[in-house]
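Engineer: The sequence shown: position 165 = 149 (my numbering), numbered continuously.
We put the CB at the ideal spot given by N, CA and C, even for glycine.
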Amino acid sequence: MYEGMRRFARDVGFSFASLAISALVHFVLRVFIGSYLGDSKLGLYTLSFTVYSLGMLFGAFGIGAALTKYVAELREDVPRTRGLLTSGVIESFFLGCIIALVFYAAAPAIANRFFHMPELAGLLRIVSIAFPFIAVEKATLGFLNGLRQMRLFAIINISQNVLMVGITITLVLLGHGLTGAAWGLVLPVVILGLFSLWTVRQSLARPELSSFLAASRLLLGFGGFVVLANGIGLMQSYTDSVMIGFFMKDVDVGVYAAAVTLSQAVLLPSQAMQMITGPAIATLWGKGDRPGIEKMVNDTLVLTVGFIMPVAFAAIMLAPDLLRIIFPDEFLPAADSLRILLVGSAFMAVWASIGSALSSTAYVRVIFLLSATSWAANILLNALLIPHLGIEGAAAATSAALVLGTVLQLYATQRLVGIRMRWGWLCTVTVFILLLGGGCYALSRVTSPYACLAIFLVLFAAVYVRFFLGKEQLDLLKGLVRRVHGPGPEV
C-alpha cells in the first residue's frame, strides 16, 4: 500500500514538473521577446504561439488521449496495445500533415485578411512545419502515460522546453529576430517528436489492414469527442476576455489577463494528478473494479482539497503582492478579479484531480455535453454581469461557471460510472472553508493579512487533519513521509 502511494506521489511529481516547467518556459520567452524585440514583435510571436498551441491541442485529433485510456485499460494485452500504438502513430502523422498543409496554404490569408499583419504569414508557415511532429509526439506520450512511464514522459517534455528556451534565445540574439523565435518553437518539437518515437520503437508492430482499421475507428471515435471537449474548454477560457473587449476597452482586457494568468496556476498540481489518476481509473475500469474506482476518486478528492484550498486562500490573501511582484503597478486593479477567479479555480482544481474519470471509463461524450453547458452559462453570466460590474463581473461569471461545471461533472461521474461520491463530506468541508476563509478575509481588512493567513493555515490544518482526513488516508500520508526516500521495488 505504501509503495503504491510512493509511486503515485513520484509520478505526480514527474507530471507536475513537466507542466510547471512548460508554463515557466512560455512565461520566460514572452518576457524575453517583449524586452528584446519590443511589444509589437511580442504580439506577432503571441499569435504565432497561439497557432502552435492549436496544433498541440488539435494536431493528433485526440489520439494521444485515446491511447492513454485504451493502453491503460488493456495494458495486460500486449499485442493489442502494440497495435493501438502503431495505428495511433500512423494516423497522427497523416492528420498532422494534413493540418500542416492547410495552415501552410492559408497562412497568407490568415495574416492579411484576418489579422491585417503581413509579417505574420511567414511565421505561421514556419510554425505549421511542427504539426506532424507534434501529432506523433502526442501519440507516443499518450502511450507512455497509459503505461505510467512518467519519468520518460517528463524527460521528453522537460527536454523539449529546455531546448525551446535555448534555441529561441540563441537565434534571437544572433539577429534572426521573430523568424528565429518561430524556429525556436519548431526545432525542439521536431527533435523530441522523433526521439519520443525512438523510445517506443520496440512497442511498434507491423500493422495488418483489418486490425489497423479497427484500431483507427476506436481511436478516432474517442479522440473526436476529446477534441470537441477541449475545443469548448479552450473557447471558454477566452470567453470572459473576449466579452470584456466587447463591452469595455482593450486596457481592461490587458489588466484582466494578469488575473487569469495567476488564477490558472492553481490548476497545475491537479492537472498533474489527473495524468496519473486517469490511466489508473482506466485500468480499474478494464478490470470491472468499480469499488477500486470509487476509493481512488474519493481519496484523491480528500487529499486534493487538503492541498489546494490552503494554496488558493493564500493567493487570495496575497493577491496584490503577487501582482506587484510579477507585473507592473498598472495591473494592481486586477487584484479583486484575481480573488474572485481563484474561488472558481479552486473548485475546478479539486475536480481536475480526477477530471478524466468520465473519459477514462466509457463516457467521453458526456464531457462534451457538460463542457458545452458550462460554456453556455459562462456566456450568459458574462453578458449579464460585465456591463454592471466590469472585470469583476467577468471574474464572477467565470467562477460561477467553473463551480457549476464542477458540480455537474461530480454528479455525472457518480450516476454514470456507478460509484458513490461523498456528498456529505464535500458539503461540510465546503461550508467549513467558506466560514473560516470568509472570517479570516474579513479580519484582514482591519489587520495584517499575513497574520490572518497564518491563522487560517493553522486552523485549517488542525481541523482538517482531525475531522476531515480519514484514518486510512492519514496513515497513507504518514507512510509516504516515512518511506518516500527509502528503497523499494517498482510496482
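Hey, Ala50 and Val210 are a contact pair by Cβ (cut 8 Å); roughly how many whole angstroms apart?
Structural biologist: Walking along the sequence shown from the start, residue 50 turns up at place 66. Walking along the sequence shown from the start, residue 210 turns up at place 226. Between Val210 and Ala50 the Cβ distance is about 7 Å, and since that is below 8 Å, they are a contact.
Engineer: Grab the span of the alpha helix (DSSP H) containing Glu57 for me, first residue to last.
Structural biologist: Counted from its first residue, the sequence shown places residue 57 at position 73. Per DSSP, Glu57 belongs to the alpha helix (DSSP H) from Ile47 to Glu57.
Engineer: Reducing DSSP to helix, strand and coil, say where Arg406 ends up.
Structural biologist: Translated into positions along the sequence shown, residue 406 becomes position 422. Of the three classes helix, strand and coil, the one that applies to Arg406 here is coil, per DSSP.
Engineer: With 16 other CB atoms within 10 Å as the buried threshold, where does Tyr222 fall?
Structural biologist: The sequence position of residue 222 within the sequence shown is 238, counting from 1. The residue is exposed, with fewer than 16 neighbouring Cβ atoms inside 10 Å.
Engineer: Can you tell me whether Gln144 is buried or exposed, with buried defined as 16 or more other CB within 10 angstroms of its CB?
Structural biologist: The sequence position of residue 144 within the sequence shown is 160, counting from 1. Classification of Gln144: buried, given that the 10 Å Cβ count is 16 or more.
Engineer: Is it the case that the Cβ atoms of Met257 and Val(-4) are separated by a distance below 8 Å?
Structural biologist: Along the sequence shown, read from residue 1 onward, the residue named residue 257 stands at position 273. Along the sequence shown, read from residue 1 onward, the residue named residue -4 stands at position 12. Yes, Cβ-Cβ distance for Met257 and Val(-4) is below 8 Å.
Engineer: Take Cys436 and list the residues in its own chain whose beta-carbon comes closer than 8 Å to its own, dropping the five residues that flank it on each side.
Structural biologist: Translated into the one-based positions of the sequence shown, residue 436 becomes position 452. Closer than 8 Å at Cβ, skipping near neighbours: Met301, Cys424, Tyr425, Leu427 and Ser428.
Engineer: Hey, could you find the ends of the alpha helix (DSSP H) Ser329 is sitting in?
Structural biologist: In the sequence shown, residue 329 corresponds to position 345, counting from 1. First-last of the alpha helix (DSSP H) with Ser329: Ala319 to Ala336.
Engineer: Can you tell me whether Gly123 is buried or exposed, with buried defined as 16 or more other CB within 10 angstroms of its CB?
Structural biologist: Translated into the one-based positions of the sequence shown, residue 123 becomes position 139. Note that residue 123 is Ala in the sequence shown here, rather than Gly. Counting Cβ neighbours within 10 Å, Ala123 comes out buried, since at least 16 surround it.
Engineer: Report yes if the CB atom of Leu21 is closer than 8 Å to the CB atom of Gly150, and no otherwise.
Structural biologist: Counting from 1 along the sequence shown, the entry for residue 21 is found at position 37. Counting from 1 along the sequence shown, the entry for residue 150 is found at position 166. Their beta carbons are not under 8 Å apart, which means Leu21 does not touch Gly150 by this criterion.
Engineer: Grouping DSSP H, G and I as helix and E and B as strand, with all else coil, what is Gln133?
Structural biologist: The residue you call residue 133 lines up with position 149 of the sequence shown. Gln133: coil per DSSP, three-state reduction.
Engineer: Would you call the CB atoms of Ala166 and Ser32 closer than 8 Å?
Structural biologist: As a first step, residue 166 must be located in the sequence shown, where it is residue number 182. As a first step, residue 32 must be located in the sequence shown, where it is residue number 48. It is a contact, given that the beta carbons lie within the stated cut-off.
Engineer: For Val111 and Ser344, what's the separation of their Cα atoms in angstroms?
Structural biologist: Residue mapping note: residue 111 aligns to position 127 of the sequence shown, counting from 1. Residue mapping note: residue 344 aligns to position 360 of the sequence shown, counting from 1. Roughly 32 Å separates the two Cα atoms.
Engineer: Cα separation between Val239 and Leu181?
Structural biologist: Position 255 of the sequence shown, counted from the first residue, corresponds to residue 239. Position 197 of the sequence shown, counted from the first residue, corresponds to residue 181. Their Cα atoms are separated by approximately 42 Å.
Engineer: Jot down the residue ranges of each uninterrupted alpha helix (DSSP H) in the stretch 95 to 129, minimum 4 residues, whole runs only, in chain order.
Structural biologist: Fully enclosed alpha helix (DSSP H) runs of 4 or longer: 104 to 112.
Engineer: Thinking C-alpha only, which one of Ser340, Val348, Ile292 and Phe78 is nearest Phe331?
Structural biologist: Taking the sequence shown and counting its residues from 1, one reaches residue 331 at position 347. Checking every option, the nearest Cα to that of Phe331 belongs to Ile292.
Engineer: Quick one, which of Ala90, Leu68 and Arg274 has its alpha-carbon nearest Gly126's?
Structural biologist: What you label residue 126 is simply residue 142 of the sequence shown in a count that begins at 1. Of the listed residues, the one whose Cα sits closest to Gly126 is Leu68.
Engineer: What's the gap between the Cα of Ile265 and the Cα of Met134?
Structural biologist: Within the sequence shown, residue 265 is the residue found at index 281, counting from 1. Within the sequence shown, residue 134 is the residue found at index 150, counting from 1. Approximately 16 Å between the Cα atoms of the pair.
Engineer: Keeping to the same chain, check which residues put their C-beta closer than 6 Å to that of Pro317; ignore five residues upstream and five downstream.
Structural biologist: The count along the sequence shown starts at 1 and reaches residue 317 at position 333. Closer than 6 Å at Cβ, skipping near neighbours: Val239.
Engineer: Can you list, in chain order, the residues of its chain with a C-beta nearer than 7 Å to that of Leu3? Leave out the 5 residues immediately preceding and following it.
Structural biologist: Taking the sequence shown and counting its residues from 1, one reaches residue 3 at position 19. Contacts found: Leu252, Gln255 and Ala256.
Engineer: Residue range of the alpha helix (DSSP H) that Leu441 falls in?
Structural biologist: Taking the first residue of the sequence shown as 1, we reach residue 441 at position 457. Element bounds for Leu441: Pro433 to Val447.
Engineer: Assign Leu162 to one of three DSSP states: helix, strand, or coil.
Structural biologist: Translated into positions along the sequence shown, residue 162 becomes position 178. The answer is helix: DSSP assigns Leu162 an H, G or I state.
Engineer: Are there 16 or more other CB atoms within 10 angstroms of the CB of Pro473, so buried, or fewer, so exposed?
Structural biologist: Locating residue 473 in the sequence shown gives position 489, where the first residue counts as 1. The pLDDT assigned to Pro473 is 36, lower than 50, so where the model puts this residue is not dependable; a value taken from the coordinates is nonetheless given after this. Pro473 is exposed by the Cβ-count criterion.
Engineer: Measuring straight from C-alpha to C-alpha, what distance separates Thr397 and Val289?
Structural biologist: Along the sequence shown, one-based indexing puts residue 397 at 413. Along the sequence shown, one-based indexing puts residue 289 at 305. When rounded, the distance between both Cα atoms is 18 Å.
Engineer: Using the Cα positions of Leu400 and Leu58, report the straight-line distance between them to the nearest angstrom.
Structural biologist: Locating residue 400 in the sequence shown gives position 416, counting from the first residue. Locating residue 58 in the sequence shown gives position 74, counting from the first residue. So the two alpha carbons sit approximately 21 Å from each other.
Engineer: For Val430, which of helix, strand or coil comes out of DSSP?
Structural biologist: Walking along the sequence shown from the start, residue 430 turns up at place 446. If DSSP states are grouped into helix, strand and coil, Val430 belongs with coil.
Engineer: Go through its chain and collect everything with a Cβ distance to Val237's Cβ below 6 Å, but skip five positions before and after it.
Structural biologist: Here the question's residue 237 lines up with position 253 in the sequence shown. Once the five neighbours on either side are set aside, the close Cβ partners of Val237 are Ser225, Ile228 and Gly229.
Engineer: Is the Cβ-Cβ distance between Val286 and Ile403 less than 8 Å?
Structural biologist: As a first step, residue 286 must be located in the sequence shown, where it is residue number 302. As a first step, residue 403 must be located in the sequence shown, where it is residue number 419. In this structure, Ile403 does not lie closer than 8 Å to Val286 by Cβ.
Engineer: Looking only at its own chain, which residues have a Cβ that is under 7 Å from the Cβ of Leu108, when we skip the five neighbours before and after it?
Structural biologist: One-based indexing of the sequence shown puts residue 108 at position 124. Closer than 7 Å at the Cβ level, and outside the excluded window around Leu108, lie Ser32, Val35, Phe87, Ala91, Ile94 and Ala95.
Engineer: Beta carbon of Met259, beta carbon of Ser76: below 8 Å?
Structural biologist: Here residue 259 is taken as the residue at index 275 of the sequence shown, counted from 1. Here residue 76 is taken as the residue at index 92 of the sequence shown, counted from 1. Cβ atoms of Met259 and Ser76: not closer than 8 Å.
Engineer: Does the Cβ of Arg97 have 16 or more other Cβ atoms within 10 Å, making it buried, or fewer, making it exposed?
Structural biologist: On the sequence shown, position 113 is the one that residue 97 refers to. Exposed, because fewer than 16 other Cβ atoms sit within 10 Å of the Cβ of Arg97.
Engineer: Taking the alpha-carbon positions, what's the Asn362 to Thr382 distance?
Structural biologist: As a first step, residue 362 is located in the sequence shown; it is residue number 378 there, counting from the start. As a first step, residue 382 is located in the sequence shown; it is residue number 398 there, counting from the start. Approximately 6 Å between the Cα atoms of the pair.
Engineer: Less than 8 Å between the beta carbons of Phe440 and Gly421, yes or no?
Structural biologist: As a first step, residue 440 must be located in the sequence shown, where it is residue number 456. As a first step, residue 421 must be located in the sequence shown, where it is residue number 437. Cβ distance < 8 Å, so Phe440 and Gly421 count as in contact.
Engineer: Hey, how far is the Cα of Leu268 from the Cα of Gly46?
Structural biologist: On the sequence shown, position 284 is the one that residue 268 refers to. On the sequence shown, position 62 is the one that residue 46 refers to. Approximately 22 Å, taken between the alpha carbons.
Engineer: Lys279 lies in the alpha helix (DSSP H); which residues open and close that run?
Structural biologist: Taking the first residue of the sequence shown as 1, we reach residue 279 at position 295. Note, Lys279: alpha helix (DSSP H), Arg274 to Met301.
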